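Heads up: the structure comes next, in structure tokens.
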Amino acid sequence: MFTRKPTSRFIFFTLILVLFLSFLITIKASDPTPNANDEEDLESLEELIALDEEEERQEQQEGSHSVRSSEAEVLTKAQRIVLELNNDNTKRAIDGNEFVLILGYAPWCARSAELMPQFAEAATSLKELGSPLLMAKLDADRHTKAASTLGIKGFPTLLLFVNGTSQAYTGGLSAEEIVIWARKKTGVPLIRISSVAEADGFLKKYHTFVIGLFEKFEGPDYDEFVKAAISDNEIQFVETSNIDVATVLFPDIKDTNHFLGIVKSEPERYTPYEGTFKMEKILQFLDYNKLPLVTKLTELNSARVYSSPVQLQVIVFAEIDEFKNLLEPLQEVARKFKSKMMFLYVDITDENLAKPFLTLFGLEEANNTVVTAFDNKISSKFLLKSDLTPINIEEFCTRLLDGTLSPYFKSQPIPDNREASIQIIVGKTFDDLVLSSPKNVLLEVHTPWCISCETTSKHVEKLAKHFKGLDNLVFARIDASTNEHPKLQVDEYPALFLYPANDKANPIKLSTKSGLKELAASINKHLKAKDHVKKDEL
1 MFTRKPTSRF IFFTLILVLF LSFLITIKAS DPTPNANDEE DLESLEELIA LDEEEERQEQ
61 QEGSHSVRSS EAEVLTKAQR IVLELNNDNT KRAIDGNEFV LILGYAPWCA RSAELMPQFA
121 EAATSLKELG SPLLMAKLDA DRHTKAASTL GIKGFPTLLL FVNGTSQAYT GGLSAEEIVI
181 WARKKTGVPL IRISSVAEAD GFLKKYHTFV IGLFEKFEGP DYDEFVKAAI SDNEIQFVET
241 SNIDVATVLF PDIKDTNHFL GIVKSEPERY TPYEGTFKME KILQFLDYNK LPLVTKLTEL
301 NSARVYSSPV QLQVIVFAEI DEFKNLLEPL QEVARKFKSK MMFLYVDITD ENLAKPFLTL
361 FGLEEANNTV VTAFDNKISS KFLLKSDLTP INIEEFCTRL LDGTLSPYFK SQPIPDNREA
421 SIQIIVGKTF DDLVLSSPKN VLLEVHTPWC ISCETTSKHV EKLAKHFKGL DNLVFARIDA
481 STNEHPKLQV DEYPALFLYP ANDKANPIKL STKSGLKELA ASINKHLKAK DHVKKDEL
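Numbered as in full-length UniProt numbering, the sequence shown ends at 538 without a single skipped number.
Shown next as structure tokens:
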């Protein structure tokens, strides 16, 4: 192992010391101008980068290139490439560069912390590719003035500035996806590969990409391919006219003069495109094929998953070790429904991702593997209740696809209502106790988090006592947070509905803002029993 010569170390640390002293002198200058400060911010960035490059050259000369940098050193270098913005230099950085990608973050934000190393890694890759894009970050929690000017309200926020005009970031959040999106937005929508060596090098860097093989880089079909490359924000497009290059990237090419396909890093690696060369058709093909057969849902890819046009989604919630055993058979099932439904995996121990979904099924405390599905076209959800075997999962998916699968509705256990003056309704008893009841039913719909529900509940209890002599009227209530029914659709809580005995299909909505006497009068009016019932005084 080689070590750095004492002379080179001395020079290196002397340069650092000089830079540090220069920085202190700048801060203490009695009358610095704003422009000078801004220029020095950018110059310091360039000096630090140059310093790293000089150190690398010295190490290569001294034979120390065999010593690999630690992950911490690599990250530190990458973070130096990212300019740190503040209230003073933000405008200067934007005005002084054609392209600027800014990450607005907060130190306490977990998602910001997760994105930061991806952003820094992307900055390193873009610098190596010679991109004109300046990568910058702003502690928006600390520098509120700059954050407000940029319109940063949440964390993390990514904004691209092109000649001073901002546009929202719409790409993925991995380093590779940031690089692809940034290059497309700065004038490099696709990569042309001319040799097998270039193809081999490309495969080492990119895991998902679209390949186009053309005899000539011209003509209507090629133009549509380029349009698709510009319009897509997530996937790297490559083009070649060399069949040997194409077969390195996509081994199973059948049409040697005219071909398009997508490559992914998974068992279902190669998918050829068989449609017409129209931009809209190509983009639609990518939307339905860009994700793996089974995608693990994370904070970083959630926006990409949620924006998918695939309406049918099968979601498996399981612990990591349990899912490893389920992955291969699940991929076999997913392969049979490719392009028709999306298969997702969520770590059931990840509360931020799993709990919101599981709560929809009343299974927020579940620990064992759960298989669910959603049809976003009709806003319905489904639950696999049988054993988790490949055959049962495939049958579940088949019925989901053909529309014969029964939607799932939450329900608490059936309560004992024998001595209750107000019947407790749950999802399982809504049909029997409300819709099929021969009596009139006044139903209170409430939730635990509803602030004004308590007042309405007290009114209902007094009304139940007031009308206790009326045999054809039943008072009931249902907790809508834990019970559902397809014929009970409520937009706001609390809610009061009177289900007439002779017309259960058309319940009458009563105002929850009315007082006791108004409610009693309204009930009497609808029942037409005002003078025939002995009532307690309200």
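Glycine included, C-beta positions come from ideal geometry on N, C-alpha and C. Values in this document were obtained by computation on a predicted structure and should not be read as measured data.
Within the same chain, 313 and 381 come within 6 angstroms of residue 374 by CB-CB distance, once the 5 residues on both sides are set aside. Counting along the chain, residue 123 sits inside no beta strand (DSSP E); it lies in the alpha helix (DSSP H) bounded by residues 110 to 128. Assigned with DSSP and collapsed to three states, residue 440 falls in strand. Residue pairing for residue 239: DSSP places it in a beta bridge opposite 192 and 212. By the criterion of a C-beta distance shorter than 7 angstroms, residue 417 is surrounded in its chain by 423 and 424, once the five residues flanking it on both sides are discounted. A check of alpha carbon separations from residue 322 across 346, 503 and 444 identifies 346 as the nearest. Comparing alpha carbon positions, the residue from 453, 523 and 489 closest to residue 472 is 523. By the criterion of a C-beta distance shorter than 7 angstroms, residue 140 is surrounded in its chain by 104, 105, 106, 147, 152 and 155, once the five residues flanking it on both sides are discounted.
The segment 341 to 412 contains, as complete beta strand (DSSP E) runs of 3+ residues, the segments 342 to 347, 370 to 375 and 380 to 383 (chain order). For the alpha helix (DSSP H) assignment, the uninterrupted runs of no fewer than 4 residues enclosed by the segment 287 to 326 are, from N- to C-terminal side, 302 to 306. One alpha carbon belongs to residue 121, the other to residue 175, and they sit about 6 angstroms apart. Using a 10 angstroms sphere on the CB of residue 201, the tally of other CB atoms stays under 16, which defines it as exposed.
Of the residues assessed, residue 480 falls on the buried side of the cut-off, its CB having 16 or more other CB atoms within 10 angstroms.
Note that the C-beta distance between residue 241 and residue 216 is below 8 angstroms.
Relative to the Cα of residue 288, the nearest Cα in the group 271, 227 and 449 belongs to 271. Taking C-beta atoms under 8 angstroms as the contact rule, residue 410 and residue 483 qualify, at a distance of about 6 angstroms. The C-alpha of residue 489 lies about 14 angstroms from the C-alpha of residue 431. Residue state for residue 429 is assigned as helix, using DSSP reduced to three classes. Annotation for residue 230: 184 and 189 place their beta carbon closer than 8 angstroms to its own, counting only its chain and skipping 5 residues before and after.
By the Cβ-count criterion, residue 477 is buried, with 16 or more other Cβ atoms from all chains shown falling within 10 Å of its own Cβ.
Taking 8 angstroms as the upper bound for CB-CB distance, residue 303 and residue 249 are not in contact here, some 28 angstroms apart. In the structure shown, the three-state DSSP call for residue 247 is helix. In the assembly as shown, residue 137 is a buried residue. Its beta-carbon has 16 or more other beta-carbons within 10 Å.
Contact check for residue 295 and residue 343: beta-carbon distance about 7 angstroms, within the 8 angstroms limit, so the pair qualifies. Counting the other Cβ atoms within 10 Å of the Cβ of residue 507 gives 16 or more, which makes it buried.
The beta carbon of residue 317 sits closer than 6 angstroms to the beta carbons of 346, 348, 354 and 370 from its chain, once the five residues preceding and following it are set aside; these are given in chain order. For residue 225, the uninterrupted alpha helix (DSSP H) run begins and ends at 220 to 231, by DSSP.
For residue 377, the CB contacts under 6 angstroms within the same chain, skipping 5 residues up- and downstream, are 311 in chain order.
In the DSSP assignment, residue 263 falls within the unbroken beta strand (DSSP E) covering 258 to 263. Here residue 339 carries a coil assignment [DSSP, helix/strand/coil]. Between residue 444 and residue 494 a beta carbon distance of about 6 angstroms is seen, short of the 8 angstroms cut, so the two are scored as contacting.
The Cβ atoms of residue 115 and residue 126 lie no closer than 8 angstroms to each other. Listed as beta-bridge partners of residue 477 by DSSP are 424 and 444. Rounded to the nearest whole angstrom, the CA to CA distance from residue 308 to residue 456 is 42 angstroms.
For residue 416, the three-state secondary structure derived from DSSP is coil.
When the beta-carbon positions are compared, residue 161 and residue 224 stay at least 8 angstroms from each other.
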